[in-house]
Every structure is written in C-alpha cells, then in structure tokens.
Amino acid sequence: MQKKIKPVSLPKKIKPARKPQKIARKPAPPKNNHLNETERKKLQTERAQVTTELAHLRAELQTAPEATGDEVDLAVYEREKNLALVQRLEQKLAEIDHVLHNAKKGKYGICERCGKPIDPARLAALPETTHCVKCKNELEQLARRAAMR
Ligand SMILES: [Zn+2]
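Quick note on the working numbering: the sequence shown kicks off at -6 and runs consecutively.
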C-alpha cells in the first residue's frame, strides 16, 4: 500500500482556481440519513430510560402481593395499568431499535412508507419515529378504522 505523501514545503498558491466539476455517479443521499451525535445520544438515553423502566415494571408485576377483599379491584387495576405500560414501553423500545437499525443502513429520518425525508422538527421531537407526519396520520386513521370494525 502506497501512502500519499503531503508536500510540506510547497506553497499553496498553485491551487487551480476552479476544480473541474465531477459528474456524480449517484444522486446525493438525503441529508438526514445518518444519525448525528446529538440524535444518537438522545436515542440511546431514551433507550436506557425505557429499559430501566421496563425492568422496574416487570419486577413490580412479578412481586405484586396477592391482594384480598377490597384491595383486589385496585390490585387488578394497577396490574392491568402496568401491563399496558409494559406493552407500550416494549413497543417504544422496538421502535428505538428499529430506528437505530435503519440509521446503520443510512436510512435515518426517511419515511418508511413514502420514502421521503421526515421533517427535522418532527425528528427532533420524536427521534424514534419512522414515518412522516402525513403517513403517520394516515396510518393512525387506518388503525382507527380497523379498530372500529
Ligand atoms: Zn411518509
């Protein structure tokens, strides 16, 4: 392997004023396709929080004491609430992992449904999102319609 040796003593003046423009073989990739450091940290922090919360909730669900009498209703209610929360957090964790996976392939911030870049403001607020606002709304409408059946 030959390394390029930088000319140390050469004056920089001889630089040509204009470089001839290279013809790009591939179209330029969308701007947001990789995680920047802030986004990565944000996602990782969020992931750690969700993981901790999940572990906590799961432990609570396992150690929940058998309730008796009037406490049963409350205990059942609490348990169902925690179970629902666990499900939500598991989904969120999956979403975060999904986004991290997409980012590795250089598809961060690209809507999975329409392939268009997701609004950066939306990404900043919701880094685990994989859909643009338009598609997310449409998907929610579809889900609502399916749920009504
Ligand atoms: Zn979309």
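From the three backbone atoms N, C-alpha and C, an ideal C-beta is built for every residue, glycine too.
Nearest neighbour of residue i, chosen from the options [CA to CA]
i, options, result
"residue 90", "36, 65 and 114", "36"
"residue 129", "142, 141, 117 and 105", "105"
"residue 53", "44, 82 and 75", "75"
"residue 168", "113, 63 and 68", "Not covered by the structure: residue 168. The range shown for the chain is -6 to 142."
7 Å Cβ cutoff met for residue i and residue j
i, j, result
"residue 121", "residue 88", "yes"
"residue 116", "residue 102", "yes"
"residue 79", "residue 50", "yes"
"residue 97", "residue 43", "no"
Those residues which DSSP pairs with residue i across a bridge
i, result
"residue 110", "103"
Residue i at chain B interface by Cβ criterion, 7 Å
i, result
"residue 134", "As a matter of chain content, chain B is missing from the structure shown, which is built from one protein chain."
Cα-Cα separation between residue i and residue j, rounded to whole angstroms
i, j, result
"residue 34", "residue 65", "42 Å"
"residue 107", "residue 132", "12 Å"
"residue 48", "residue 138", "34 Å"
"residue 114", "residue 126", "11 Å"
"residue 123", "residue 94", "11 Å"
"residue 32", "residue 45", "20 Å"
"residue 73", "residue 119", "27 Å"
"residue 40", "residue 82", "10 Å"
"residue 26", "residue 112", "12 Å"
"residue 141", "residue 109", "30 Å"
"residue 135", "residue 77", "22 Å"
**Q.** Those residues, in chain order, that have a beta-carbon closer than 7 Å to some heavy atom of ligand 1
**A.** Qualifying residues come out as 104, 106, 107, 109, 124, 125, 127 and 128.
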